[in-house]
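Undergrad:
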Amino acid sequence: MSDERRTLTTRQGHPVADNQNTRSIGARGPATMENYHFLEKMSHFDRERIPERVVHARGTTTHGFFEATGKVGDDPIAKFTRAKLFQEDGKRTEVAVRFSTVAGGRDSSEAIRDPRGFAVKFYTEDGNWDLVGNNLGVFFIRDAIKFPDFIHSQKPDPVTFERQVPNRVFDFASQSPESMHMFTLVLSPRGVPASYRTMQGFGVNTYKWVNEAGETMLVKYHWLPKQGVQSWTEEDAAKVQGEVLGVHTKELRDAIDAGDHPEWDLHVQLMSDEDHPELDFDPLDDTKVWPENEFPLHHIGRMVLDRNATNFFAENEQIAFGTGVLVDGLDFSDDKMLVGRTFSYSDTQRYRVGPNYLQLPVNQPKGVTNPVATNQRDGQMTYNVDGNQSGANPHINYEPSSRNGLVEAPAGGVPHTPYVAGHVVRQKLARTNDYAQPGERYRTIEAWERDDLVGNLIANLAQCNPDIQERMVGHLTQCDAEFGSRVAQGLGISVPEREMAMAGNDD
Ligand code: HEM
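Under my numbering, residues 185 to 691 are what the sequence shown spells out, in order.
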């Protein structure tokens, strides 16, 4: 073996000649305290951990590119959005993608029944765009104010630390009927993907596209894997879990190292930017899908993942995604979940990673027309003083200034300026319609998938208190009478008469 190994040093660059023995007075000690090498090594070790993500702690990051088609059907995409990354056929944009589970801790099993996170950071010339979605297309709740409670119900019991306790999960679910659609998906075979490479991705929340004239469309994003969609049953997953916890990270990394680069097509659904009273759901409700026969998928690009992270901590633990991270031509809708999420992500990242998390290489914009230049100053771990903080005159950290400080960008395309008026209230959306889509899903999946879904629900609900069982059976009956009665039968309880009478009549 040729000896090209590099010399071990301290972080100050001092070569380390002895990394085995603490400096001490004589071989038997006592140890000395002026030992810089020991103190640096130990105190850095003491600080190795940062708080793990409060959700999606278990994940893996890879890199690749997005390539646009430049079109929506036969139309140039510019008709709908002026976002630069989409405009030309063949235009490539670098991406970093983090796949994750939701509820477990940083070292938890990946072969678990749980939604998967599907977060994509596009390093565009106009700055970063993050599309932070999941693999199932809908979500459990439609109002961000319920998120901390929902997550607490999914997390381990705070006293015994027993994980995913059905009595907690379904206590919350049975009093949140909007969650039936997502639970129908999570408890079906799609609730345990066979690998990260074989799952779909969805933006889930409704966003807007803005064109050059300032006109808008509502938009939903879909990632479809070229590898096909594959899932595991409870038995498949249990077998794997008995042997290895990080199965999906390893599978993805091995495939990429072997040159088998996974690929997804990006499609969008578009809807005119209105309330759509003709629909039986609200387009701003993230517990709903938009029927594909009415709102067809349009192919707008593909994504290839071809490079693994080399420093897991720097690229996976410190990468920071957020729903507020949009570029010109993409905008928010009034989806109340989306608005709440947009506060939460950067708030947690300032705490979890630090106030200068955007200076870290994985989070910095790359290849931008306007290199990052702000008047924000200082804070812990300020790093890139020249690139990130100075205008032509580094003394000037305010704007407006007549002394060569930073200046505002020229006005871009026509801004989107929605007019909003109304009473300030606490109210849910008028068209909740919580049962129609899960009922339809129950009826349209294959017979073995229905059996699997019913079996999984019975196995979970059998561990719940009778009042929780009854409430759940009531909701499932309203989704579909057969669905509810099969679960009731498995639990040895009867379907409450009121729910039986209401079956199929959505609220
Ligand atoms: C109001 C609802 C929600 C809130 C408050 C919320 C909050 C959070 C927080 C605090 C994190 C940790 C971020 C970090 O530490 O870097 C996170 C991660 C994540 N969330 Fe949400 N979330 C919500 C809903 C959703 C929904 C609906 C989806 C899917 C469409 C989703 C997908 C993700 C993903 C994929 C991650 C992991 C990002 C990564 O890989 O770093 N979240 N969320």
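We put the CB at the ideal spot given by N, CA and C, even for glycine.
Being a predicted model, the structure only gives us computed values, none of them experimental.
Please check the pair valine 511 and glycine 311, which I expect to be a contact at CB under 8 Å, by giving their CB distance rounded to whole angstroms.
TA: Indeed they touch by this definition, with Cβ atoms about 6 Å apart.
Undergrad: Below 8 Å, how does it come out for the stretch 617-624 and the stretch 662-682: are there three or more Cβ pairs, yes or no?
TA: As far as the Cβ criterion goes, the stretch 617-624 touches the stretch 662-682, which means the pair count is three or higher.
Undergrad: From Asn554, His600 and Asn559, pick the residue whose C-alpha is nearest to that of proline 594; which is it?
TA: Selected option, being the one with the closest Cα: Asn554.
Undergrad: With a threshold of 7 Å between beta-carbons, can glycine 317 be considered close to chain D, or not?
TA: Reference to chain D is not applicable here, since this structure consists of a single protein chain.
Undergrad: Using DSSP bridges, identify the partner residues of glutamine 453.
TA: Bridge partners of glutamine 453: Lys404.
Undergrad: State the DSSP-derived secondary structure class of isoleucine 642, mapped to helix, strand or coil.
TA: Helix.
Undergrad: Apart from the five residues just before and just after lysine 268, which ones in its own chain have a Cβ nearer than 8 Å to its Cβ?
TA: For lysine 268, where only same-chain residues beyond five positions count, the Cβ hits under 8 Å are Thr308, Glu309, Asp310, Val511, Asp512 and Gly513.
Undergrad: Run through the DSSP bridge pairs and tell me what methionine 487 is partnered with.
TA: For methionine 487, which the question treats as bridged, DSSP gives the partners Phe250 and Trp448.
Undergrad: Suppose contacts are defined by Cβ-Cβ distances below 7 Å. Is threonine 507 in contact with valine 316 by that definition?
TA: For threonine 507 and valine 316, yes; Cβs fall inside 7 Å.
Undergrad: Starting from lysine 434, trace the alpha helix (DSSP H) both ways and give me its first and last residue.
TA: It spans 431-441 - the alpha helix (DSSP H) in which lysine 434 sits, taken as one unbroken run.
Undergrad: Would you say the beta carbon of tyrosine 529 comes nearer than 6 Å to a heavy atom of the ligand ZN?
TA: Inclusion of the ligand ZN in the displayed structure is not the case, the ligand content consisting of the ligand HEM alone.
Undergrad: Buried or exposed, going by whether 16 or more other CB atoms sit within 10 Å of the CB of histidine 579?
TA: With fewer than 16 other Cβ atoms within 10 Å, it is exposed.
Undergrad: For the alpha helix (DSSP H) holding tyrosine 220, just list the boundary residues, first then last.
TA: Per DSSP, tyrosine 220 belongs to the alpha helix (DSSP H) from 220-230.
Undergrad: Can we count phenylalanine 331 as close to the ligand HEM, meaning its CB is less than 6 Å from some heavy atom?
TA: Checking every heavy atom of the ligand HEM against the Cβ of phenylalanine 331, one is found closer than 6 Å.
Undergrad: Return the chain-ordered list of same chain residues with a C-beta closer than 8 Å to the C-beta of arginine 534, the five sequence neighbours on each side being excluded.
TA: Contacts found: Tyr541.
Undergrad: What's the call for aspartate 464, buried or exposed, on a 16-neighbour Cβ count within 10 Å?
TA: Answer is exposed; the Cβ neighbour count stays below 16.
Undergrad: Cβ of threonine 628 within 6 Å of any heavy atom in the ligand HEM?
TA: No - the ligand HEM has no heavy atom lying nearer than 6 Å to the Cβ of threonine 628.
Undergrad: What residue range is occupied by the uninterrupted alpha helix (DSSP H) comprising aspartate 651?
TA: From DSSP, the alpha helix (DSSP H) with aspartate 651 extends over 650-663.
Undergrad: Answer yes if the stretch 335-350 comes into contact with the stretch 257-264, meaning at least three C-beta pairs across the two stretches below 8 Å, and no otherwise.
TA: Too few Cβ pairs lie closer than 8 Å, so no.
Undergrad: Whose C-alpha, out of Ile296, Ile234, Val679 and Arg190, is nearest the C-alpha of glycine 430?
TA: Closest by alpha carbon: Ile296.
Undergrad: Would you please state the rounded distance, in angstroms, between the beta carbons of leucine 402 and lysine 392? I believe it to be under 8 Å.
TA: 6 Å between Cβ atoms; contact.
Undergrad: Quick check on asparagine 203: buried or exposed, where buried means 16 or more other Cβ atoms within 10 Å of its Cβ?
TA: Classification of asparagine 203: exposed, given that the 10 Å Cβ count is below 16.
Undergrad: Look up alanine 280 in the DSSP assignment and give the residues it is bridged to.
TA: For alanine 280, which the question treats as bridged, DSSP gives the partners His247 and Lys305.
Undergrad: Could you give the residue range of the beta strand (DSSP E) that holds tyrosine 626?
TA: No beta strand (DSSP E) holds tyrosine 626; the alpha helix (DSSP H) holding it covers 620-628.
Undergrad: For leucine 544 versus glycine 248, is the C-beta spacing smaller than 7 Å?
TA: For leucine 544 and glycine 248, no; Cβs fall outside 7 Å.
Undergrad: Opposite alanine 576 in the DSSP bridges: which residues?
TA: Answer is none; alanine 576 lacks a bridge partner.
Undergrad: Which runs of the beta strand (DSSP E) spanning at least 3 residues fall entirely within the stretch 493-563, listed in chain order?
TA: Whole beta strand (DSSP E) segments, 3+ residues: 514-516.
Undergrad: Measure the alpha-carbon distance for valine 546 versus aspartate 420 and round it to whole angstroms.
TA: Between valine 546 and aspartate 420, the C-alpha separation is close to 35 Å.
Undergrad: Check each candidate in Asn644, Asp636 and Pro599 and name the one with the smallest Cα separation from glutamate 396.
TA: Checked all of Asn644, Asp636 and Pro599; the closest Cα to glutamate 396 is Pro599.
Undergrad: Residues in its own chain within less than 6 Å of glutamate 435 by CB, not counting five upstream and five downstream?
TA: Excluding sequence neighbours, glutamate 435 sits near Ser379.
Undergrad: Quick one: residues in its chain with C-beta nearer than 6 Å to the C-beta of aspartate 327, no 5 flanking neighbours on either side, listed in chain order?
TA: If we look at aspartate 327 and ignore the five residues flanking it on each side, its Cβ neighbours are Lys520.
Undergrad: For serine 530 and aspartate 187, what's the separation of their Cα atoms in angstroms?
TA: Each residue's Cα considered, the two are about 45 Å apart.
Undergrad: CA-CA distance, histidine 240 and valine 286?
TA: Distance between the alpha carbons of histidine 240 and valine 286: 4 Å.
Undergrad: Identify, in the order they occur along the chain, each residue of the same chain with its Cβ nearer than 7 Å to the Cβ of arginine 670, setting aside the five sequence neighbours on each side.
TA: If we look at arginine 670 and ignore the five residues flanking it on each side, its Cβ neighbours are Val638.
Undergrad: Report the option in Pro584, Val604 and Glu501 whose CA atom is closest to the CA atom of glutamate 458.
TA: Checking every option, the nearest Cα to that of glutamate 458 belongs to Val604.
Undergrad: I'd like the ranges of any beta strand (DSSP E) spanning at least 3 consecutive residues and lying wholly in the stretch 349-411.
TA: If we require 3 residues or more, the beta strand (DSSP E) runs fully inside the stretch 349-411 come out as 391-394 and 400-409.
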